[in-house]
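Heads up, the thing below is written out as structure tokens.
In my numbering, the protein residues as written are 25 to 514.
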């Protein structure tokens, strides 16, 4: 009886996570998908989420709605945007990228690197020798030096980078909650509308974070995961295969997609995550001298090696010179230095764009602040053509020269501390405590210092609160899609 109850509660006999709502989302019909859900459990989950004290965040009604929307629109809309459906959605707009910012590319490959902390990336100032391959690739592309993850968990990195929605207090595991069933204005919707083929290649089980359910509901069609590998170099029955296995399979899958239609792909690594799926015979030297971080940094060095092998393998493929590669960390991790009480090194990650003509047009380095919600609009700007979207970020390469950029970040879990990063300053707002402003420095000698008083601190605080309030309201109202009738569940 106990065994029956356990199996019934999990909904499956598989190792790893129990059934997610995404396991029922197998069609393009939202109505049919909802028929497959457990009605009683869905009602319970909805009620639990609705009345949870964790969901009772401080930013749902901080400002008058009209004021919050106006401030948020001022943050997000540029001269290249035209607001549409203003009564229905807060930041839905038609984005017309500048013609001179378009690149001669037709495909997009996003590579989400597990725990790829900017603190240990050589191209960002580290002298530890952990990322020689990424550093070499950075010499070919455009590297953003002040780029941050929206959260500190892979889950948040996925939906921010691909679905273009921020990490909000109370909604940190959005892809697993009822609100995750909404349609978002992300890469799957925007490129699916342009008839792009797609593939998502991952080392692990797509059920862990409900990736197949979430991204399938957003419009992705093809998924290659842990159970699809034949004779991998490393195979952990619970965790998955190695990064070199993933990248080898990814190269094969991308070659299959090169059949006339444009394509986009998400390649997600895993080896640089405990318990570290690494080969017994490492192709790189183990890291020493960093104490408790030695194993983590060894895994990061291995992931970097696998990344380099992938680029060496695909560099001569016919589709390579028609492709925009976006290499981005999903989040960082703790380092001996703690930069401000927000611990910015847990958020600091690289963003690297590699494509024909990118350095000639935009240079090789940018200091503008960005976060993962800026990835999708930055991609759309390079592809060119008008696009209607409701991304909660901006095209980082079409901003005015005097715009320092901004980003709003929050740690994973129940900690509702949030922060607004703007230029070289960060405003940290713990829940129900006074906000504090800091000046920060990244690179080889990261540090932060408190700023006692600043004239614009009240303005920064209003921007932070307005953005969080407006995004939360949009999520709860299910108005986060790219156009009327397509952003809402049927």
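Ideal Cβ placement from N, Cα and C applies to all residues, glycine included. Nothing here was measured: the structure is a model prediction, and the numbers come from that model.
Thinking just about the alpha-carbon of each residue, which of 85, 102 and 302 is nearest to the one in residue 427?
102
Measure the C-alpha to C-alpha separation of residue 450 and residue 358 and round it to an integer number of angstroms.
One C-alpha to the other measures close to 18 Å.
Compare the C-alpha of residue 256 against each of 248, 479 and 265 and name the closest.
Closest by alpha carbon: 265.
Taking 9 Å as the cut-off, decide whether the C-beta atoms of residue 401 and residue 387 are in contact.
no
Residue 442 versus residue 434 - alpha carbon distance
5 Å
Quick one: what's got a C-beta closer than 7 Å to residue 167's C-beta in the same chain, skipping five residues either side?
If we look at residue 167 and ignore the five residues flanking it on each side, its Cβ neighbours are 147, 374, 376, 388 and 389.
For residue 586, three-class secondary structure by DSSP
Given that the chain is displayed from residue 25 to residue 514, the structure contains no residue 586 and the question cannot be resolved.
Quickly, what does DSSP pair residue 117 with across the bridge? List them, please.
107 and 413
Same chain, Cβ closer than 8 Å to residue 512, five either side skipped, listed in chain order:
Note on residue 512: pLDDT 37, under 50, position unreliable in the model; no value is reported.
Just verifying my parser: in three-state terms, what is the DSSP assignment at residue 143?
helix
Which value, in whole angstroms, describes the spacing of the CA atoms of residue 213 and residue 242?
6 Å
Below 8 Å on the Cβ atoms is my guess for residue 356 versus residue 369; work out the distance and round it to an integer in Å.
6 Å
Identify the continuous beta strand (DSSP E) that holds residue 208 and give its terminal residues.
Note, residue 208: premise wrong, no beta strand (DSSP E); not H, not E.
Using CA coordinates, which residue listed in 465, 330 and 165 is at the minimum distance from residue 380?
165
Looking at residue 10: is its Cβ nearer than 9 Å to the Cβ of residue 361?
Outside the displayed range of the chain (25 to 514) lies residue 10, so it cannot be described from this structure.
Using CA atoms only, rank isn't needed, just tell me which of 136, 209 and 172 is closest to residue 296.
136
CA-CA distance, residue 203 and residue 500?
Near 7 Å, if we compare the C-alpha coordinates of residue 500 and residue 203.
Give a yes or no on contact between the segment 320-337 and the segment 299-310, applying the rule of three or more CB pairs nearer than 8 Å.
Contact between the segment 320-337 and the segment 299-310 is present, because at least three Cβ pairs lie under 8 Å.
Looking at the secondary structure, which residues open and close the alpha helix (DSSP H) in which residue 98 lies?
89-100
My understanding is that residue 485 touches residue 459, with C-beta atoms under 8 Å, so please give their C-beta distance in whole angstroms.
Contact between residue 485 and residue 459 is confirmed by a C-beta separation of about 5 Å, below the 8 Å threshold.
Let's see if you can read the secondary structure: which residues bound the alpha helix (DSSP H) around residue 181?
Taken as a continuous stretch (DSSP letters only), the alpha helix (DSSP H) holding residue 181 covers 178-187.
Sequence ranges, alpha helix (DSSP H) only - wholly within the segment 263-293, length at least 4:
267-281
Would you identify the three-state DSSP class for residue 85, choosing helix, strand or coil?
coil
Pick from 448, 447, 413 and 407 that is closest to residue 124, judged by C-alpha positions:
Nearest C-alpha to residue 124: 407.
What are the boundary residues of the beta strand (DSSP E) that includes residue 131?
131-137
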